[in-house]
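As structure tokens, the structure follows; a few thoughts come after it.
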Amino acid sequence: MGILNVTPDSFSDGGDWYAHDRAIRHGRQLLADGAQLIDVGGESTRPGIVRTDAEEELRRILPVVRELAAEGAVLSIDTMRAEVAAECVAAGAAIVNDVSGGLADPAMLPTVAALGVPYVAMHWRAHSDEMQDLAHYVNVVTDVRDELAARVDAALVAGVRPDRLILDPGIGFAKTGAHNWSILEHLDVLIALGFPILVGVSRKRFLGDLLGDEHGPRPPRERDDASAALTTILALQGIWAVRTHSVRQHLDAVRVADRLSSR
Ligand code: PMM
């Protein structure tokens, strides 16, 4: 899954693809690099950030969704808003990727059920301005599993079909670096829930911290090799997809993992 952030302020690529023509060109490049899905987002979820309103979110992404969908791209929409999800599906998007797992907007789960599209439910506790205050767990692996299982129940009650659900542990969302590593070390616990698992580690802060030196964390754009190394390991564990900025590198990593595991 290639990342297309049509935002001025994402932590990893803020501003790079903010203009519509640049975003569309980057989407084409992600496809040319081998992305099977493109995740289009118009609201940054960077820790601490204030929310974008729905009108601005749609202004950023709708023309990009229309154009790339018309060109045949399979698109997921990274949004916490039912209204944005519905408009983008009407414009040709195929999947809804909700980092709040239905918690931010009470209309999201019934809307997804009515749209009948696949739905990514990510583990989430609060909006970006307060999420890091909630990075407290008894056992992060089983707590995240149980909270995701509760979102599965809520989705099923709302009428989302079980074969349309994809789960994501939400690396970096209400989690410290140590929490992220624990979850990644025990992904089997999430895989055991029986749903496809999506993981987003690309360029995230915990990798910057791992690679940092006395000057501080390694900057986001210099974390792609470490991201791809992690993707290789995740692919060997049988996860469904990774969300990444550097598609070609990650696809190469997945091909190697696939070759090794299919011997
Ligand atoms: N991470 C970000 C945004 N959206 N969606 C899912 N499903 N999983 C993630 O881990 C995730 C996400 C933040 O990263 P970005 O600013 O690089 O897009």
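In the numbering used here, each residue carries its 1-based index in the sequence shown increased by 61.
Each residue gets a CB set at the ideal place from its N, CA and C atoms; glycine is no exception.
Taking 8 Å as the limit between beta carbons, can you name the residues of its chain near residue i, skipping five residues before and five after?
i, result
"Pro-280", "Gly-269"
Out of the options, which has the shortest C-alpha to C-alpha gap to residue i?
i, options, result
"Pro-223", "Ser-307, Leu-170, Arg-304, Asp-139", "Leu-170"
"Ala-174", "Leu-195, Val-221, Ala-168", "Val-221"
"Leu-271", "Asp-285, Ala-131, Leu-259, Ile-258", "Asp-285"
"Thr-24", "Thr-292, Arg-121, Val-315, Ala-253", "The question about residue 24 has no answer, for the chain in this structure spans 62 to 324."
"Ser-288", "Gly-277, Arg-206, Val-260", "Val-260"
"Val-178", "Leu-195, Gly-153, Ala-196", "Gly-153"
Kindly examine the ligand PMM and report whether one of its heavy atoms sits closer than 7 Å to the Cβ of residue i.
i, result
"Met-169", "no"
"Gly-162", "no"
"Trp-259", "Here residue 259 is Leu; the residue named in the question, Trp, does not match the sequence. Leu-259: yes, Cβ under 7 Å from the ligand PMM."
"Val-145", "no"
"Ser-288", "no"
"Gly-153", "no"
"Asp-229", "yes"
"Val-181", "yes"
"Phe-256", "no"
"Asp-77", "no"
Using a Cβ-Cβ cutoff of less than 6 Å, which residues in the same chain neighbour residue i once the five nearest sequence positions on both sides are dropped?
i, result
"Ser-105", "Thr-68, Asp-70, Ser-71"
Across which residues does DSSP place residue i in a beta bridge pair?
i, result
"Asp-139", "Gly-102, Asn-158"
"Gly-277", "Asp-274"
"Leu-64", "The question names Leu, but residue 64 in the sequence shown is Ile. In DSSP, Ile-64 forms a bridge with Asp-100."
"Ala-235", "Answer is none; Ala-235 lacks a bridge partner."
"Ile-258", "Leu-228"
"Thr-305", "Gly-63"
For residue i and residue j, I'd like the C-alpha separation in whole angstroms.
i, j, result
"Leu-129", "Val-199", "43 Å"
"Ala-131", "His-81", "15 Å"
Excluding five sequence neighbours on each side, which residues of the same chain lie with their C-beta closer than 7 Å to the C-beta of residue i?
i, result
"Met-192", "Pro-108, Arg-186, Phe-234, Ala-235"
"Ala-134", "Gly-88, Leu-92, Ile-99"
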